[in-house]
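Below is one structure, written out as structure tokens; the observations come after it.
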């Protein structure tokens with residue numbers, strides 16, 4: 001788990017870190033978003049990356065969960 005944490009810190013330090021807070025009726029979830037600066041320049045590429053689970057899982061990493 002420690003090496004994964006270090007990898008995430010390096011990814012966040014390599015570019016500007018973007019955190020996504022997702023709110024549902026039962027909880028908050030916090031995600032670290034990385035790699036969007038490469039694909040964010042083309043709306044069609046963003047759309048295809050979201051619908052492709054393999055690509056989407058490389059862009060978004062779950063960080064925290066807080067139930068109500």
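Residue numbers (UniProt numbering): 1 to 68.
Just so it is clear, CB atoms sit at the ideal spot from N, CA and C, and this is done for glycine as well.
Spatial distance of residue i from residue j (CA atoms)
i, j, result
"residue 67", "residue 61", "18 Å"
"residue 64", "residue 44", "29 Å"
"residue 27", "residue 59", "22 Å"
"residue 49", "residue 57", "9 Å"
"residue 21", "residue 55", "20 Å"
"residue 46", "residue 19", "17 Å"
"residue 25", "residue 53", "24 Å"
"residue 51", "residue 6", "28 Å"
Member of the options whose CA lies at the smallest distance from the CA of residue i
i, options, result
"residue 69", "55, 31, 25 and 46", "This structure does not reach residue 69, given that the chain is present from 1 up to 68, and the question cannot be answered."
N- and C-terminal bounds of the beta strand (DSSP E) containing residue i
i, result
"residue 64", "60 to 67"
Host alpha helix (DSSP H) of residue i (start-end)
i, result
"residue 49", "43 to 51"
Other residues of its chain near residue i: CB distance less than 6 Å, five sequence neighbours each side excluded
i, result
"residue 29", "22 and 65"
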